[in-house]
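In the working numbering, the protein residues as written are 415 to 734.
This is how it looks when you write it as structure tokens:
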């Protein structure tokens, strides 16, 4: 099989289906000889301005600019995170956050969770409901296609519509050498379970302020990121990297979190009753709850600022 390029890219979802359509978000800036040259040129210039002309604060070149093609060290590089797994991994993040905010966690074996148990951690007052972000997912996808077991150096993103400021994005990454088996291909859910299993090492004295783990045997950085209150945007990708003559495959999963955290000295969350220190009202209940309708211990992730809601309410009165 040929290496993946922008023109022959073959991607398999986690369901096993084959998608022959290239990712529109990634390819809209490439000239393909069509009559829409000027539109594509404008898109390319916009892409270059957004990512290639603005290095991250560490001076590194952005992943979306530097790694536009997959690794050439493998015969096949296949995307294996589809829409179904995307929904699963987002739901698992929010379920864990919802439980931790209310002082509970579940033990886990493999990818199966047990009944809820009380934690020894304070409740979280400002933990936000996470939303899927395609910009973060695209950056994760372009990095996992490099088949590296380490994090990339520059993945910052424009987290609000119309923003021209890159915001720091943090990352969790997992690598698995897979030789086949009855359990099937490891998924992003497999990686999430590994990160989640750090919860016994995360203690109350690491919440405010956060202290970076010093002992690899009791590492808790991944679970700290999963429950970090102000990280509310998520984008993940999984790639299978393999050579034709090999009996094993390298499975790389990366999840990007925005705004990025795991920063020593900051608070993982504000201690207090669940959903009592929220900044947004749920847009589906005008003048109603600050809390998520699906995850009631989390601050709504689909909200409008209270000032915006007040304006909407005023307008509804004026124009009735």
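Positions of the beta carbon are idealized from the N, C-alpha and C atoms, including for glycine.
Counting other Cβ atoms within 10 Å of its Cβ, residue 618 stays below 16 and is therefore classed as exposed. A residue is called buried once 16 or more other Cβ atoms fall within 10 Å of its Cβ, and residue 554 is buried on that count. From the listed residues 667, 631, 568, the smallest Cα separation to residue 467 is found for 568. For residue 511 against residue 544, the beta-carbon gap comes to about 7 Å, under 8 Å, which counts as contact. The Cβ-Cβ distance between residue 692 and residue 704 falls below 7 Å. If you draw a straight line from the Cα of residue 662 to the Cα of residue 607, it is about 22 Å long. Around the beta carbon of residue 558, 16 or more other beta carbons sit within 10 angstroms, so the residue counts as buried. Around residue 518, the same chain offers 530, 531, 532, 533 as residues with beta carbons nearer than 8 Å, after the five sequence neighbours per side are excluded. Per DSSP, reduced to three states, the secondary structure at residue 495 is coil, with no helix or strand assignment. Shown here for residue 678: same chain residues with a beta carbon closer than 8 Å to its own, the five before and five after excluded, namely 623, 624, 625, 626 in chain order. With respect to residue 585, residue 670 sits close: the two C-beta atoms are nearer than 7 Å. For residue 566, same chain residues with a beta-carbon under 6 Å away, outside a window of 5 residues either side, are 477, 557 in chain order. With the rule of 3 Cβ pairs closer than 8 Å, the stretch 569–578 does not count as touching the stretch 637–644. Annotated as proximal: residue 549 and residue 571, with beta-carbon spacing under 7 Å. Residue 632 carries a helical assignment under DSSP once its states are collapsed to helix, strand and coil.
Per DSSP, reduced to three states, the secondary structure at residue 490 is strand.
Under a 10 Å Cβ-count criterion, residue 672 is classified as buried, with 16 or more other Cβ atoms of the shown protein chains found around its own Cβ. Assigned with DSSP and collapsed to three states, residue 503 falls in helix. When DSSP assignments are scanned along the stretch 560–601, no uninterrupted stretch of alpha helix (DSSP H) that is 4 or more residues long falls wholly within it. Counting along the chain, residue 654 sits inside no alpha helix (DSSP H); it lies in the beta strand (DSSP E) bounded by residues 647–656. The beta carbons of residue 481 and residue 560 sit about 5 Å from each other, so the pair counts as a contact at 8 Å. Using a 10 angstroms sphere on the CB of residue 711, the tally of other CB atoms reaches 16 or more, which defines it as buried. A distance below 8 Å between beta-carbons, with the five flanking residues on each side excluded, links residue 469 to the following residues of its chain, in chain order: 475, 476, 568.
The criterion of a C-beta distance shorter than 7 Å is not satisfied by residue 593 and residue 615. Selection 595, 655, 667 evaluated against residue 491 yields 655 as nearest (Cα-Cα).
Residue pairing of residue 620 in beta bridges, as defined by DSSP: absent, with no partner found.
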